[in-house]
Amino acid sequence: MNSQEKDSQWDITISFSWGGWLEMYSFGVAYALLKSGMLKRWESEGKRVRFIGASTGALVAACLAFRQDDFEGIFNYLARCATYYRSSLWHLTHADRFLKDSIAKFGDKLREIDHNPQLRRRLEEGSFEVVLSVLPSLSPRLINSFSTFEDVMEALTASYCLAPLAGMPFKLRKTGEWVMGGGVSNFTPRMCEQNVISVSTIYFHETTIHPRRFLPSWWVLFPPSDRKYRSLFWMGYNDTIEFLMSDGKLSAMQAELLLKPGVDFKIYDTYFELLKSFALEFTVLLWLRPVIHICIYVNFFFLIMWHLCKNTANFVRGFLYNLYNSLHSAIYS
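FYI, the numbering for the sequence shown is 508 to 840, going by this note's numbering.
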């Protein structure tokens, strides 16, 4: 089945953008889709739903595509991880460990692809898509067919990669392409297409679902305090319930029963914290683009060094082989 045929068969596409540590908001969105019964309703109506994500958004899409519905467990786990990474700036350079630990803890559903023919068939048809960035062109690459757990892990690892913060670029097994994080080339996949419910963690991003109030952009790179971080989940949950009501998918009474009451979300507790956050916000906005460029150049550097080492090894091997043949001919001829 070609890509156009795959695209035409989906009634609804749910797209999750890259969000860094703000992805807690997107997990709240996913939980609302599950808790409201929308996913089961679409399935009972015979509608085919596709889930797609870029970078950290791919993890949220994977939970829905593989029907990993332990979102309360994920919520508590993310909060613990945020506490750990918040304790030291050094931990932020090991963000790839978060992906490995998350899969180890919640990846049982992903491993079912190796022995569940029905799940494998659904994934081979394109119900789950992951966005990667191909080096050195930085063009977006959609991976939408998975046959094994190894295929899934490779795509998630590649989309999550952003050296030196999270892993190193690597070569895909099947295509030989060098890839890195998908959010660099395609922040919100399929955002402008029809029948797409797009989700972003950035408050000013014009997606279908996004935070309705200002969230500091530096939270993408560094998680806030535990209370605020946990509130992100319920903010995403409530925003989604309100969207489903405004879109006519839920009645006002249904939405009122589903909404999480008393979600305490106060960005600033003191004036000092306000000033500190403003300074960090200004710094991030000033340096975000240069930092992203530095990360891209670091990925390019590793790619160049790999090719340089490979070509040097081939040259040395060829030189030694020719030297051996010459000596062998001189001695035995």
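Glycine is no exception: its CB is placed at the ideal position from the N, C-alpha and C atoms.
What you are looking at is a predicted structure, and each value in this text was computed from that prediction instead of being measured.
Classify residue i as buried or exposed, calling it buried when 16 or more other Cβ atoms lie within 10 Å of its own Cβ.
{"i": "M812", "result": "exposed"}
{"i": "W517", "result": "buried"}
{"i": "Y591", "result": "exposed"}
{"i": "N832", "result": "exposed"}
{"i": "R532", "result": "What sits at residue 532 in the sequence shown is Tyr, not Arg. So Y532 counts as buried."}
{"i": "K554", "result": "exposed"}
{"i": "L596", "result": "exposed"}
{"i": "P624", "result": "exposed"}
{"i": "Y744", "result": "buried"}
{"i": "A568", "result": "buried"}
{"i": "K735", "result": "buried"}
{"i": "I650", "result": "buried"}
{"i": "T682", "result": "exposed"}
{"i": "C816", "result": "exposed"}
{"i": "Y538", "result": "buried"}
{"i": "L827", "result": "exposed"}
{"i": "F721", "result": "exposed"}
{"i": "A572", "result": "buried"}
{"i": "E661", "result": "buried"}
{"i": "R824", "result": "exposed"}
{"i": "L751", "result": "buried"}
{"i": "S634", "result": "buried"}
{"i": "F613", "result": "buried"}
{"i": "T520", "result": "buried"}
{"i": "I482", "result": "Since the first residue shown for the chain is 508 and the last is 840, residue 482 is missing from the structure and cannot be characterised."}
{"i": "A611", "result": "exposed"}
{"i": "Q701", "result": "exposed"}
{"i": "L758", "result": "Contrary to the premise, residue 758 reads as Ser rather than Leu in this sequence. Label assigned to S758: exposed."}
{"i": "G690", "result": "buried"}
{"i": "S738", "result": "buried"}
Classify residue i as helix, strand or coil using the three-state DSSP reduction.
{"i": "A602", "result": "coil"}
{"i": "E632", "result": "coil"}
{"i": "W685", "result": "strand"}
{"i": "I838", "result": "helix"}
{"i": "Y692", "result": "The residue asked about is misnamed: residue 692 is Ser in this sequence, not Tyr. Coil, per DSSP."}
{"i": "T708", "result": "coil"}
{"i": "F729", "result": "coil"}
{"i": "T819", "result": "helix"}
{"i": "T714", "result": "coil"}
{"i": "S753", "result": "helix"}
{"i": "S595", "result": "coil"}
{"i": "S724", "result": "helix"}
{"i": "S524", "result": "coil"}
Checking contacts by CB at 8 Å: is residue i closer than that to chain D?
{"i": "V691", "result": "The question asks about chain D, but that chain is absent: this structure has only one protein chain."}
Can you give the beta carbon distance from residue i to residue j, rounded, assuming they're within the 8 Å contact cut?
{"i": "M698", "j": "S705", "result": "5 Å"}
{"i": "G525", "j": "G564", "result": "Rather than Gly, the amino acid found at residue 525 in this sequence is Trp. Yes, W525 and G564 are in contact; Cβ-Cβ is about 6 Å, under 8 Å."}
{"i": "V641", "j": "V686", "result": "6 Å"}
{"i": "S522", "j": "I559", "result": "5 Å"}
{"i": "H717", "j": "S724", "result": "No, H717 and S724 are not in contact; Cβ-Cβ is about 13 Å, not under 8 Å."}
{"i": "A602", "j": "F694", "result": "The pair is not a contact, with the Cβ atoms about 18 Å apart (cut-off 8 Å)."}
{"i": "G688", "j": "L669", "result": "4 Å"}
{"i": "V638", "j": "S666", "result": "6 Å"}
{"i": "G535", "j": "F729", "result": "G535 to F729, Cβ: 19 Å. No contact."}
{"i": "E631", "j": "S652", "result": "5 Å"}
### Query
Unbroken alpha helix (DSSP H) runs of length 4 or more, entirely within the region 529-575: which are they?
530-542, 545-551 and 563-572
### Message
Three Cβ pairs or more, each shorter than 8 Å: is that satisfied between the region 536-547 and the region 665-685?
### Response
no
### Query
Whole beta strand (DSSP E) runs in the region 635-683 with 3 or more residues, listed along the chain?
635-642 and 646-650
#### Entry: Touching by the beta-carbon criterion (3+ pairs, under 8 Å), the region 644-651 and the region 606-626
no
### Message
Could you check whether the region 734-750 touches the region 764-771, counting it as contact only if at least three pairs of C-beta atoms, one from each stretch, sit closer than 8 Å?
### Response
yes
### Message
Does the structure place the region 616-632 close enough to the region 655-667 that three or more beta carbon pairs sit under 8 Å?
### Response
yes
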